[in-house]
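**Student:** Per the working numbering, the very first residue in the sequence shown carries number 14; after that it's consecutive. Here a beta-carbon is modelled for each residue, glycine too, at the ideal position from N, C-alpha and C. Quick one: the structure is below, questions incoming.
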Amino acid sequence: MIPNTATPTPASSESAGPTLAEQLQSFINGVLTLDPEQAAIRGGLSVLVFVGALLLMWGLHLVLKTLAERLAPPDPNAPPRKRVAIGRWSKRIARAAIFVTALIIVARVWGFDLETLTKGRVGDVLAIAGRILLIIVLSLAAIELSQLAIRQVFSRVASRAKNVRRASQVRTLAPVLSGVATTALVIAATMMALSEIGVEIGPLLAGAGIVGLAIGFGAQTVVKDFLTGIFLIIEDAVSVGDVVMIADFGGTVEEMSIRTIKLRDFDGTLHIFPYSEAQVIHNRTKSFSFAVFNLAVSHGADAIAALDLMKQTGDDLKAEDSFAPFILSPIEVVGVDQLTDAGVTLKARIKTAPGKQWMVQREYLRRIKLAFDAADIDLAAKQTVLVMPEPSTR
């Protein structure tokens with residue numbers, strides 16, 4: 014007997030279903046052959062569907078916004094660009110889902126056959142795209158939930174902290190951990206999406222380890238920035254809200270990310286430093302501060318009387334209720350600090366609460382100026398002696 018060696022015939026195009034181009038051509042022909050009455054009815058239904066979708070988007074936006082603000086109210090002390098409520102991606106995904114659903118309904122109204130489109134190769138592509146879209150949606154939800162959990166936990170811990178410094182440290186650590194969690198979730202989602210399109214994750218992870226090792230040698234600065242930032246926060250060397258000096262720049266610490274520290278200067282300039290470049294950080298608001306005074310009086314002034322006035326002015330300032338909470342100890346009058354060609358420099362200082370030294374200093378200088386004027390004590394001023402030659406006589 015001769016064996017049957019006939020090869021199986023490939024599936025015909027009819028069994029695989031029409032192609033996307035054929036579907037679109039059939040849909041366009043069907044729309045063009047509609048009579049005016051049917052076209053008007055379907056057009057009206059389409060308008061109603063889109064209007065309903067817009068109303069649903071608006072209502073869902075209000076519901077999600079209210080829910081997000083109740084779960085995690087925006088921080089009023091944060092910079093304006095940072096005041097973004099938790100749930101922004103949920104709102105965008107919900108709007109996109111409503112819009113896509115409205116498009117599908119309108120397509121069905123006009124006679125587009127979606128069931129046939131999901132068969133064959135196009136259906137496989139749509140299935141993969143749907144699974145990847147689901148991974149993205151779930152990843153975004155996980156990112157927002159992790160940010161919400163971190164914010165809630167750290168805000169609760171900070172509010173219960175008895176030490177103001179400890180509360181500031183907790184608030185500084187929260188965005189760093191949030192960034193680490195977001196990075197980990199994005200990497201996991203990327204691996205899952207690559208797996209859906211047929212990429213083998215095992216060899217990819219092995220290769221990533223080798224590549225990561227090679228990058229690690231070239232990215233030592235990035236690793237150093239990350240580790241330095243973590244230790245700065247853990248050791249409480251600097252926190253958000255501190256006034257610090259880095260190199261020749263100073264300002265208030267506005268944000269500390271995974272690898273950078275941002276300072277806002279008095280004139281509004283934002284200075285950004287990688288931690289590796291912040292070799293020395295001068296924290297001017299850690300634990301306590303000093304308002305230092307270097308007052309120069311003229312050589313002819315009574316230095317002893319000036320020192321007594323400085324002492325009396327500092328004691329009067331500390332005795333006032335509006336300044337007493339910010340002054341931690343009585344004024345310390347050091348005495349005569351320098352003798353210059355312009356006058357005599359008198360030195361004193363007042364220990365204040367962190368960050369209050371400038372307020373105390375401004376008020377003290379205002380008062381000591383009035384006291385010196387009342388006591389006829391002149392401030393130092395450079396004097397120039399002009400010697401005129403005697404006229405010659407002939």
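#1: So what does DSSP say about leucine 352, is it helix, strand or coil?
#2: I think alanine 319 touches glycine 356, with their Cβ atoms under 8 Å apart; what is that distance to the nearest whole Å?
#3: Going by other Cβ atoms of all chains shown within 10 Å of its Cβ, with 16 needed for buried, is asparagine 137 buried or exposed?
#4: Which residue wins for smallest C-alpha separation from leucine 330, given the options His312, Leu378, Val113 and Gln351?
#5: Could you give the residue range of the alpha helix (DSSP H) that holds phenylalanine 385?
#6: Measure the alpha-carbon distance for aspartate 255 versus glutamine 370 and round it to whole angstroms.
#7: Please go through the same chain and pick out, in chain order, the residues whose beta-carbon is closer than 8 Å to the beta-carbon of leucine 68, but skip the five residues on each side of it.
#8: Please state whether DSSP places proline 93 in a helix, a strand or coil.
#9: Using the three-state DSSP reduction, which class does threonine 365 fall into: helix, strand or coil?
#10: How many Å lie between valine 97 and phenylalanine 306 at the Cα?
#11: Does DSSP classify proline 188 as helix, strand or coil?
#12: Does the beta-carbon distance from threonine 273 to phenylalanine 262 come in below 8 Å?
#13: Does DSSP put alanine 250 in a helix, a strand or coil?
#14: With 16 as the cutoff for other CB atoms within 10 Å, does threonine 185 come out buried or exposed?
#15: Using 8 Å as the threshold, is the segment 326 to 344 in touch with the segment 278 to 292, meaning 3 or more CB pairs across them?
#16: Just the Cα atoms here: how many angstroms apart are isoleucine 149 and isoleucine 141?
#17: Whose C-alpha, out of Leu158, Leu146 and Ala53, is nearest the C-alpha of glutamate 209?
#18: Inspect the beta-carbon positions of isoleucine 200 and valine 257 and report whether they are closer than 8 Å.
#19: Just how far apart, CA to CA, sit valine 347 and alanine 309?
#20: Looking at the secondary structure, which residues open and close the alpha helix (DSSP H) in which glycine 327 lies?
**Tutor:** Taking the structure as given:
#1: strand
#2: So it is not a contact: roughly 10 Å between Cβ atoms.
#3: A small fix is needed here, since residue 137 is aspartate in this sequence, not asparagine. Residue burial annotation: aspartate 137 is exposed, with fewer than 16 other C-beta atoms found within 10 angstroms of its C-beta.
#4: Leu378
#5: 370 to 387
#6: Looking at the two C-alpha atoms, the distance is approximately 13 Å.
#7: So no residue of the chain qualifies.
#8: With a pLDDT of 47 at proline 93, under the threshold of 50, the modelled position of that residue is not reliable, and no figure is offered here.
#9: strand
#10: Unreliable placement is indicated for valine 97, whose pLDDT of 46 sits below 50; no coordinate value is reported for it.
#11: Collapsing the DSSP output to three states places proline 188 in a helix.
#12: no
#13: Alanine 250 sits in coil when the DSSP states are folded into three classes, being neither helix nor strand.
#14: buried
#15: No: the two stretches stay apart, fewer than three of their Cβ pairs being nearer than 8 Å.
#16: Distance between the alpha carbons of isoleucine 149 and isoleucine 141 is about 12 Å.
#17: Leu146
#18: no
#19: 13 Å
#20: 316 to 332
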